[in-house]
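Enquirer:
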Amino acid sequence: MEKVFAMPEAMKDAKTLYCPGCGHGVAHRIVAELVDEFGLREKAIGIAPVGCSVFADLYWNFDVISAAHGRAAAVATGMSRAKPDCFVISYQGDGDLAAIGTAETVHAANRGENFVTVFINNAIYGMTGGQMAPTTLVGQPSTTCQLGRDPSIAGYPIRVCELLQTLGGVAYLARGSVDSPKNVMATKKYLRKAFQLVLDKKGYSLVEIVSPCPTNWGMNPPEAMKWLKDKMLDHYELGVFKDITAES
Amino acid sequence: MSEKIPIGEKVLMKGNEAMGEAAVQAGCMAYYGYPITPQNELTAYMSRRMLEEGRIFIQTESEIGAINMCYGTAAVGERCMTSSSSPGMSLKQEGISYIASASLPVFFVNVNRGGPGLGNIAPAQSDYFQSTRGGGHGDYRVIVFGPTNVQELYDFTMLGFDVADKYRMPTMILADGILGQMMEPLVLHEYKPLPDLPSKADWRLGDPATKDPLLVTSLVLDVPGMEQRNLDLFHKYEEITKNETRYEEVDTDDADIVLVAYGTCARIARSAMEQAREEGMKVGLFRPITLWPFPSDPLSKLADRVEHMLVVELSLGQMWEDVRLATGLKTKVHLHGRTAGGIPGQADIVEHLQKALDSKSDEIVRNF
Ligand SMILES: Cc1ncc(C[n+]2csc(CCOP(=O)(O)OP(=O)(O)O)c2C)c(N)n1
Ligand code: SF4
Ligand SMILES: [Mg+2]
Numbered sequence: 059m060e061k062v063f064a065m066p067e068a069m070k071d072a073k074t075l076y077c078p079g080c081g082h083g084v085a086h087r088i089v090a091e092l093v094d095e096f097g098l099r100e101k102a103i104g105i106a107p108v109g110c111s112v113f114a115d116l117y118w119n120f121d122v123i124s125a126a127h128g129r130a131a132a133v134a135t136g137m138s139r140a141k142p143d144c145f146v147i148s149y150q151g152d153g154d155l156a157a158i159g160t161a162e163t164v165h166a167a168n169r170g171e172n173f174v175t176v177f178i179n180n181a182i183y184g185m186t187g188g189q190m191a192p193t194t195l196v197g198q199p200s201t202t203c204q205l206g207r208d209p210s211i212a213g214y215p216i217r218v219c220e221l222l223q224t225l226g227g228v229a230y231l232a233r234g235s236v237d238s239p240k241n242v243m244a245t246k247k248y249l250r251k252a253f254q255l256v257l258d259k260k261g262y263s264l265v266e267i268v269s270p271c272p273t274n275w276g277m278n279p280p281e282a283m284k285w286l287k288d289k290m291l292d293h294y295e296l297g298v299f300k301d302i303t304a305e306s
Numbered sequence: 004m005s006e007k008i009p010i011g012e013k014v015l016m017k018g019n020e021a022m023g024e025a026a027v028q029a030g031c032m033a034y035y036g037y038p039i040t041p042q043n044e045l046t047a048y049m050s051r052r053m054l055e056e057g058r059i060f061i062q063t064e065s066e067i068g069a070i071n072m073c074y075g076t077a078a079v080g081e082r083c084m085t086s087s088s089s090p091g092m093s094l095k096q097e098g099i100s101y102i103a104s105a106s107l108p109v110f111f112v113n114v115n116r117g118g119p120g121l122g123n124i125a126p127a128q129s130d131y132f133q134s135t136r137g138g139g140h141g142d143y144r145v146i147v148f149g150p151t152n153v154q155e156l157y158d159f160t161m162l163g164f165d166v167a168d169k170y171r172m173p174t175m176i177l178a179d180g181i182l183g184q185m186m187e188p189l190v191l192h193e194y195k196p197l198p199d200l201p202s203k204a205d206w207r208l209g210d211p212a213t214k215d216p217l218l219v220t221s222l223v224l225d226v227p228g229m230e231q232r233n234l235d236l237f238h239k240y241e242e243i244t245k246n247e248t249r250y251e252e253v254d255t256d257d258a259d260i261v262l263v264a265y266g267t268c269a270r271i272a273r274s275a276m277e278q279a280r281e282e283g284m285k286v287g288l289f290r291p292i293t294l295w296p297f298p299s300d301p302l303s304k305l306a307d308r309v310e311h312m313l314v315v316e317l318s319l320g321q322m323w324e325d326v327r328l329a330t331g332l333k334t335k336v337h338l339h340g341r342t343a344g345g346i347p348g349q350a351d352i353v354e355h356l357q358k359a360l361d362s363k364s365d366e367i368v369r370n371f
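So the sequence lines, in the order shown, correspond to chains A and B.
Counting from 59, one number per residue, gives the positions in the first sequence under my numbering.
Counting from 4, one number per residue, gives the positions in the second sequence under my numbering.
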């Protein structure tokens, strides 16, 4: 009999600590499947950010380094420059990448640093208990904008792919989602492309994954998926934003 | 190696550039830095030399970027370096704390300028506390060399890389703007690594030879685990204190009063000592070379037989506190501190020596 579904070798057989309905687990698995697919387990280095995925090493069966909050892109730069044979995967949340780590992100992208960034946009600070993120939608409540995000106080939700699009060093930008099997497959396709471009030394490649945080959105998992589809995907358009290898 | 570098010969070089060349010779594979006066010559020098050697140079987006790139490069087992001056060093402290906890070897330089705040670009030693107390958050230390001339900037840069590797920890040079900027003759010694430097093979990331996945982290949520990590660091620090403490003593045998000074101040203090001896005072000099570990034991021994010490520093009593901690109540520790670019003159110091010797038994002379 043919085995059609198995644990990726790049994944540890561990119990998840993520909340029910969280998007991080799906994203971890996509990463692990691609690490297997490209045969990278022995030279992959994942970066666990400060955020709910700070314990990514519990799940990934390859080397992991934890970076200070927001500094993953600089740490990734230091590793991938010094060991171009390694395959560096910088996994970051929205607070990590688009608030405290904005400078590191923009400049690593602009220099065309050769690593993959997996950017989990859940429109919230998950780990610290649901504060406003740079990606929190207008009107969306959080513990630090309890009446909903008010742009006159807190500005607007940042679209990271669009923000990075103009930078010369960027090889690939795409935004996927984990709200449906179809979109999970599309996300995996985007990330596969990002892996390929980094293996080909084409430079900075980022895949944003719009992802639910039922716990801090105050919803159950099905409600969270629906809200993601209705509200988040309305603001965060899915698709490829830059691909330097695409034919014009 | 570049043809132009006359290794083994005596040359004239700026302090900042001497540190750069020493790093290149010591096999530094990556330099990351952000411009700031008075250390700019070092970054500029590395921008050329590292590329000549086919190594890595990045002018970073900030000092935070630079120190975190060091964290990454050290984690994959390569020698790397950053440098800055006081305001930039404040930004690096976050990263240094992570590097200390993760036990990674990183070498860096602070060419200290006047502060606090933006301060000025004049020479200072006012980052003594920041350097010798760890500097960032948490329970940790950094090995700190306090060179006194361009030769020592060169030599201790080489040694700094070795010591960082030997103990797997952040190691630094604390220089001041005078040392960084001045030109002096030095011998470009050939780099000879310390014997028995440990292999990095069992902990560096991304090495296909290590079969089980490795983790580099500073996060240990369980209390006993994190306490044990800090205790392990503490025991390492005790070993370093035993093995690596360095200092120099000059003419202390018959001294009634001993000057305690490091870096640029030690040079002025030495001239003052010679003048004071000509004037009949029995003066010695004690020069800490490592600022952490601080040479507390030899100072304490000295305090058994010397009635007065006069600390001369480019800060207002920072090293003075360490001298007092080391000597307890055994001796009177006086202070002549200048700050924010003020430099003690030779005559000033001689005057302070006389005042200290003339002081009443319960009186400590501090910056009269
Ligand atoms: C310098 C610093 N500031 C603040 C924190 C506290 N902190 C931990 S996680 C986090 C937010 C993480 O949010 P995000 O990046 O969106 O990740 P998520 O948990 O949503 O996946 C913050 C602010 C910290 N650890 N370090
Ligand atoms: S708090 Fe949110 S992001 Fe964090 S594990 Fe729970 S659902 Fe996931
Ligand atoms: Mg988030």
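Idealized CB from N, CA, C, for every residue including glycine.
In this text, all values refer to a predicted model and were calculated from it rather than measured experimentally.
Nearest CA to the CA of G340 (chain B): which residue from B:G209, B:S129, B:W206, B:G139?
Expert: Comparing Cα positions, the closest option is B:S129.
Enquirer: Excluding the five sequence neighbours on either side, which residues of its own chain have a C-beta within less than 6 Å of the C-beta of Y34 (chain B), listed in chain order?
Expert: M49, M53, F60, M84
Enquirer: Is C203 (chain A) helix, strand or coil by DSSP?
Expert: Collapsing the DSSP output to three states places C203 (chain A) in a strand.
Enquirer: Is the Cβ of M32 (chain B) closer than 8 Å to any Cβ of chain A?
Expert: yes
Enquirer: State the DSSP-derived secondary structure class of Y74 (chain B), mapped to helix, strand or coil.
Expert: helix
Enquirer: Could you tell me whether the Cβ of I39 (chain B) comes closer than 8 Å to any Cβ of chain A?
Expert: no
Enquirer: Between the C-alpha atoms of A204 (chain B) and G80 (chain B), what's the straight-line distance to the nearest angstrom?
Expert: 8 Å
Enquirer: From the beta carbon of D115 (chain A), is the nearest beta carbon of chain B less than 8 Å away?
Expert: Judged by the 8 Å Cβ criterion, D115 (chain A) is in contact with chain B.
Enquirer: Tell me whether Y157 (chain B) sits in a helix, a strand or coil according to DSSP, three-state version.
Expert: In this structure, Y157 (chain B) counts as helix in the three-state DSSP scheme.
Enquirer: Going straight from the alpha carbon of S89 (chain B) to that of K289 (chain A), what length do you get?
Expert: Their Cα atoms are separated by approximately 47 Å.
Enquirer: Hey, is Y76 (chain A) close to ligand 2, as in C-beta under 7 Å from one of its heavy atoms?
Expert: yes
Enquirer: Does the beta-carbon of A350 (chain B) have 16 or more other beta-carbons within 10 angstroms, so that it is buried, or is it exposed?
Expert: exposed
Enquirer: Closer than 7 Å between beta carbons: that is the criterion. Which residues of the region 85 to 104 of chain B meet it against chain A?
Expert: Those residues of the region 85 to 104 of chain B that come within reach of chain A (Cβ to Cβ, closer than 7 Å) are E97, G98, Y101.
Enquirer: Is A359 (chain B) close to chain A, meaning its C-beta is less than 8 Å from at least one C-beta of that chain?
Expert: Taking 8 Å as the CB threshold, A359 (chain B) stays off the interface with chain A.
Enquirer: Taking only beta-carbon positions, decide if V176 (chain A) is within less than 8 Å of chain B.
Expert: no
Enquirer: Given the structure, does M290 (chain A) come close to ligand 2, in the sense that its CB is under 7 Å from one of the ligand's heavy atoms?
Expert: M290 (chain A) has its CB no nearer than 7 Å to any heavy atom of ligand 2.
Enquirer: Between which two residues does the beta strand (DSSP E) carrying Y250 (chain B) extend?
Expert: 250 to 253
Enquirer: How would you list, in chain order, the residues of chain B whose beta-carbon sits under 7 Å from the beta-carbon of D121 (chain A)?
Expert: The answer, in chain order, is L208, G209, P216, L217.
Enquirer: Considering only residues of the same chain and omitting the five flanking positions on each side of F289 (chain B), which have a CB-CB separation below 6 Å?
Expert: E252, V261, V263
Enquirer: Mind checking who S124 (chain A) pairs with in its DSSP beta bridge?
Expert: A:A106
Enquirer: Please classify M4 (chain B) as buried or exposed, where buried requires at least 16 other C-beta atoms within 10 Å of its C-beta.
Expert: A caution first: M4 (chain B) carries a pLDDT of 44, below 50, which makes its placement in the model too unreliable to give a value.
Enquirer: For P126 (chain B), is the classification buried or exposed, using 16 other Cβ atoms within 10 angstroms of its Cβ as the cut-off for buried?
Expert: buried
Enquirer: H82 (chain A) and S124 (chain A) - do their beta-carbons sit closer together than 8 Å?
Expert: no
Enquirer: Distance, Cα to Cα, Q278 (chain B) vs T46 (chain B)?
Expert: Roughly 39 Å between the two C-alpha positions.
Enquirer: Using beta-carbon positions only, say whether F173 (chain A) and V256 (chain A) come within less than 8 Å of one another.
Expert: Their beta carbons are under 8 Å apart, which means F173 (chain A) touches V256 (chain A) by this criterion.
Enquirer: Does E305 (chain A) have its Cβ less than 8 Å from a Cβ in chain B?
Expert: no
Enquirer: Quick one: what's V114 (chain B) bridged to in DSSP?
Expert: Answer is B:A178, bridged to V114 (chain B).
Enquirer: Does T365 (chain A) come out as helix, strand or coil in the three-state DSSP assignment?
Expert: Past the boundaries of the shown model lies residue 365 (chain A); chain A is included only from 59 to 306, so the question cannot be answered.
Enquirer: Using beta carbons (cut-off 8 Å, strictly below), is A78 (chain B) in contact with chain D?
Expert: Looking for chain D here will not work: the only protein chains present are A and B.
Enquirer: What do you reckon, is the C-beta of Y294 (chain A) under 7 Å from a heavy atom of ligand 3?
Expert: no
Enquirer: My guess is that I176 (chain B) and M22 (chain B) are in contact by the Cβ rule of under 8 Å, so how many angstroms apart are they, rounded?
Expert: I176 (chain B) to M22 (chain B), Cβ: 7 Å. Contact.
Enquirer: Cβ closer than 7 Å: which chain A residues qualify as neighbours of Y74 (chain B)?
Expert: Those are V133, G136, listed as they occur along chain A.
Enquirer: Below 9 Å on C-beta distance, what does E100 (chain A) contact in chain B?
Expert: G209, D210, P211, A212, T213, K214
Enquirer: Does any residue of chain B bring its CB to less than 8 Å from the CB of W110 (chain A)?
Expert: Per the sequence shown, residue 110 (chain A) should be read as Cys rather than Trp. No, C110 (chain A) lies away from the interface with chain B (no Cβ there is under 8 Å from its Cβ).
Enquirer: Considering H311 (chain B), what are the terminal residues of the beta strand (DSSP E) in which it resides?
Expert: 311 to 316
Enquirer: Using the beta-carbon of each residue, which ones in chain B are nearer than 9 Å to K141 (chain A)?
Expert: T76, V79, G80, E81, R207, L208, G209, D210
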